[in-house]
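Novice: Okay, here's the structure, questions in a sec.
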Amino acid sequence: MLFVFWLLLGVLTQRCTESWACHELFDEESSASGHQFLALCSEATFAAAAAANAGTGLPLEQPELLGCVAASARLMDSALEGDEKCTRCPEGCALVLLLQGATYQYDSVQTCSHSVMFYIRANMYFKDFEPHWTSDLKDNLHALVNSRRGQCAQMRSKELDQESLPLGFDAVSAPVPQGAPGSHLQETSVTRSRAEGSVSKREKSKAILVTRAIQSRRLCKQKSEDQGYSCDKSHSGKIRPKTKDIVAVLIAATPSMLKVYQPFINLWRCYAVRHNLAFILETDDTDVSAPFHRAPNWMRWFAARRYIKFYKALLVVDPDQFVVPECWNISIVELAGSWNSSDLYSQLPDVATRDFGKPQTLNNGMVFIRDSPRGMFFLEQLLLKASWMQTIEKDQGAFDETVLEVLSLEAKALGKEGYDSECAQYIFPNFAGNHEVGRYALCWWRASEELAGPFGARTSQVIRFVDPRIADINHVVGFRGLSDPAILYHFAGRSKDWGEMLATFGLERRNTCDCAKVFEHVDRRASDRACVPGGPVVQECEPPEVVC
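If you want it as structure tokens, here you go:
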């Protein structure tokens, strides 16, 4: 028995020695061991981290810094992959990543977000050992990541300073009732400068573009009367046949999920038939596969950019949702693609989504995007964020941030105060690699109210926020279940019972592919019960939740 004990102790000692062998070769080019690398570079890394935290330049007064940066660059792949070298000396690999993160030279939000990932990966190593050389860095890692996230937000604010909201054709040419909310859009920087007696070259160019837009609009109207064509409100200013002047429902699904999604895809196809909509099913996952490695959620937005120019607008929907059977006679396109009767705006909304107020979780499972200059601008700003690393809830945080950015540019166009991208810092993970959903939502609710007014009473002329108390076009079921009335039920999240979802709709899977049977089912349900399109919203979450 004693022999077995000593044998086991010997094995454990050998494994421990192998696991913490920082005395072995660590950097082949310099022939440095892990201990030598740590002794030489830990102080320089701390100085670089302090400079990064303060947003100042590299501390070049540290004589070892440049050599350590070069060594860490050689060792970076090993540290990111966690190879055998990092198994033997995890503290050395943690220092490699900390030094890379602290000295990373970023020139965009995309590259800034990459630098955050170095810190997060370094923190994962700290779970495997008790630090000796890097204890101060570990203690300050939380502050380092928060500082870098804030710097990424500042970078985005600077990027947005170079952007402006495109002019829509209707905003230029259509008359606006006196005193209506849209009347302020007629005052451009050109008209203001003329009143002040000076017009810059840039403003003259903008005036020429506006004039051309008006001329193109008049030409389009003339041809539509003479040849039976329809005016195209897209950024191209061209005309197109009326056969293409329709709205399409767009669903994207990876090939591996098609069988699971199929009955709900069938239902959406039938809904499109009922309302004379085109139907697009995108299954090409090239944009989210290697070498891009994006979340599948991004498929629909890349597909939207490819297809939107062929349609008047797109209704982009998730496959894990369905229109409530008794509400199938309601057109979500007509509801989301137009304003309330009390809104006297000069043009139709470019983007539409369900409005979310505190404390409801944000969700983009149902989005309407028009083929207009502003609709395309929104889509491009959203897709720009697909290159950001580890955004909150995949595309959701990117979408929410794009909403704030467009509202900000709209506010600035009206001479109001904009948005400084404050919430963007919470799009990225914290030092532990976790997303702070509640913190971002709290920031979004406050910023959206400052920019466009309170929940249910937004004033944007670009984005239509559909009030769920009147018509809920994206009811996220969650813990609320199916008790709240809505036009559409969305079973968002990972844990869902697809069979139970279909049972809730009330139709067997084999019948979903037959639109005649689907119509018979929904019409029967509509005759038995009235559609209640909206209702009360969540007022508070069950403690300790702040978002639900």
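Mature numbering (1 follows the signal peptide of the UniProt record, and there is no 0) puts the sequence shown at residues -21 to -1, 1 to 527. Ideal Cβ placement from N, Cα and C applies to all residues, glycine included. Only a predicted model underlies this, so the values are computations on that prediction, with no experimental measurement involved.
Going by Cα to Cα distance, which pick from Ala450, Gly61, Ala471 is closest to Glu313?
Specialist: That would be Ala450, whose Cα lies nearest to the Cα of Glu313.
Novice: Which runs of the alpha helix (DSSP H) fall wholly inside the region 441 to 519 and span at least 4 residues, in chain order?
Specialist: Taking only runs of at least 4 residues, the alpha helix (DSSP H) segments lying wholly in the region 441 to 519 are 477 to 484, 494 to 507.
Novice: In terms of alpha-carbon separation, which member of Asp115, Cys68, Phe108 lies closest to Thr24?
Specialist: Nearest of Asp115, Cys68, Phe108 to Thr24, Cα basis: Asp115.
Novice: Distance, Cα to Cα, Ile225 vs Gln339?
Specialist: In a straight line, the C-alpha of Ile225 is about 33 Å away from that of Gln339.
Novice: Would you kindly report the start and end of the unbroken alpha helix (DSSP H) that includes Asp299?
Specialist: That residue, Asp299, is in no alpha helix (DSSP H); it is neither H nor E in DSSP.
Novice: Between which two residues does the beta strand (DSSP E) harbouring Phe258 extend?
Specialist: It spans 257 to 261 - the beta strand (DSSP E) in which Phe258 sits, taken as one unbroken run.
Novice: Would you tell me roughly how many angstroms separate the C-alpha atoms of Thr370 and Asp476, rounded to the nearest one?
Specialist: Roughly 27 Å between the two C-alpha positions.
Novice: Check the C-beta distance from Val346 over to Val295 and give it rounded, since I have them as a contact under 8 Å.
Specialist: Yes, Val346 and Val295 are in contact; Cβ-Cβ is about 5 Å, under 8 Å.
Novice: Identify, in the order they occur along the chain, each residue of the same chain with its Cβ nearer than 8 Å to the Cβ of Arg418, setting aside the five sequence neighbours on each side.
Specialist: Contacts found: Tyr405.
Novice: On the CB-based measure, 16 or more other CB atoms within 10 Å of its CB, does Glu389 come out buried or exposed?
Specialist: Label assigned to Glu389: buried.
Novice: Counting C-beta neighbours from all protein chains within 10 Å, is the total for Glu109 16 or more, i.e. buried, or is it exposed?
Specialist: Exposed: under 16 other Cβ atoms inside 10 Å.
Novice: Please report the distance separating the alpha-carbon of Ser213 from that of Lys291.
Specialist: Note that Ser213 has pLDDT 44, beneath the 50 cutoff, so the model's placement of it is unreliable and no number is given.
Novice: From the DSSP secondary-structure annotation, give me the bridge partner or partners of Asn335.
Specialist: Correcting the residue type first, residue 335 is Phe in the shown sequence and not Asn. Phe335 pairs with nothing; no bridge assigned.
Novice: With C-beta atoms as the reference, is Pro145 less than 9 Å away from Phe356?
Specialist: Yes, the Cβ-Cβ distance between Pro145 and Phe356 is below 9 Å.
Novice: Output needed for Glu521: all residues of its chain with C-beta closer than 6 Å, excluding positions within five of it in sequence on either side, in chain order.
Specialist: Around Glu521: no qualifying Cβ.
Novice: Are three or more beta carbon pairs between the region 422 to 439 and the region 123 to 137 nearer than 8 Å?
Specialist: Taking 8 Å as the limit for Cβ pairs, the verdict is that the region 123 to 137 does not touch the region 422 to 439.
Novice: Checking 9 Å against the spacing of the C-beta atoms, do Asp374 and Asn276 come in under that value?
Specialist: Yes; because the gap between Cβ atoms is below 9 Å, this pair is in contact.
Novice: How should Ser94 be labelled, buried or exposed, when 16 other C-beta atoms within 10 angstroms of its C-beta is the threshold for buried?
Specialist: Ser94 should be labelled buried.
Novice: What residue range is occupied by the uninterrupted alpha helix (DSSP H) comprising Ala29?
Specialist: Ala29 -> alpha helix (DSSP H) spans 13 to 33.
Novice: Should Leu74 and Leu17 be called a contact, given that it needs their Cβ atoms to be closer than 9 Å?
Specialist: In contact: Leu74 and Leu17 (Cβ atoms closer than 9 Å).
Novice: Taking Cys306 as the reference, give the member of Asp86, Ala33, Arg504, Glu519 with the closest Cα.
Specialist: Ranking Asp86, Ala33, Arg504, Glu519 by Cα distance to Cys306 puts Arg504 first.
Novice: Just the C-alpha distance for Ile309 and Ser439, rounded to the nearest angstrom, thanks.
Specialist: Distance between the alpha carbons of Ile309 and Ser439: 24 Å.
Novice: Identify, in the order they occur along the chain, each residue of the same chain with its Cβ nearer than 6 Å to the Cβ of Ala251, setting aside the five sequence neighbours on each side.
Specialist: Around Ala251: Val228, Phe258.
Novice: Quick check: what's the CA-CA separation for Val330 versus Gly316?
Specialist: In a straight line, the C-alpha of Val330 is about 8 Å away from that of Gly316.
Novice: Assign Ile230 to one of three DSSP states: helix, strand, or coil.
Specialist: Residue state, collapsed to three classes: strand.
Novice: Report the partner residues of residue 580 according to the DSSP bridge assignment.
Specialist: The first residue shown for the chain is -21 and the last is 527, placing residue 580 beyond what the model contains.
Novice: Which of helix, strand or coil does DSSP assign to Phe5?
Specialist: Phe5 falls in the strand class under three-state DSSP.
Novice: Could you name the residues that DSSP lists as bridge partners for Val330?
Specialist: Answer is Ile348, Ile442.
Novice: Confirm, please, whether the CB-CB distance from Val497 to Leu246 is below 9 Å.
Specialist: In this structure, Val497 lies closer than 9 Å to Leu246 by Cβ.
Novice: Mind reading off the beta-carbon distance from His414 to Glu380? Whole number of angstroms is fine, and I expect it under 8 Å.
Specialist: Actually they are not in contact, since the Cβ atoms of His414 and Glu380 sit about 13 Å apart, beyond 8 Å.
Novice: By Cβ distance, which residues of its chain are closer than 7 Å to Ala269, with the 5 residues on each side in sequence left out?
Specialist: Excluding sequence neighbours, Ala269 sits near nothing in its chain.
Novice: If you scan the region 365 to 433 from start to end, which runs of the alpha helix (DSSP H) of 4 or more residues do you find wholly inside it?
Specialist: Counting only runs of 4 or more, we get 374 to 392, 416 to 431.
Novice: Ala403: buried (16+ other C-beta within 10 angstroms of its C-beta) or exposed?
Specialist: Buried, since its Cβ has 16 or more Cβ neighbours within 10 Å.
Novice: In whole angstroms, what separates the C-alpha of Asn119 from that of Leu54?
Specialist: About 23 Å.
Novice: How big is the Cα-Cα spacing for Asp263 and Pro234?
Specialist: The straight-line gap from Cα to Cα measures roughly 8 Å.
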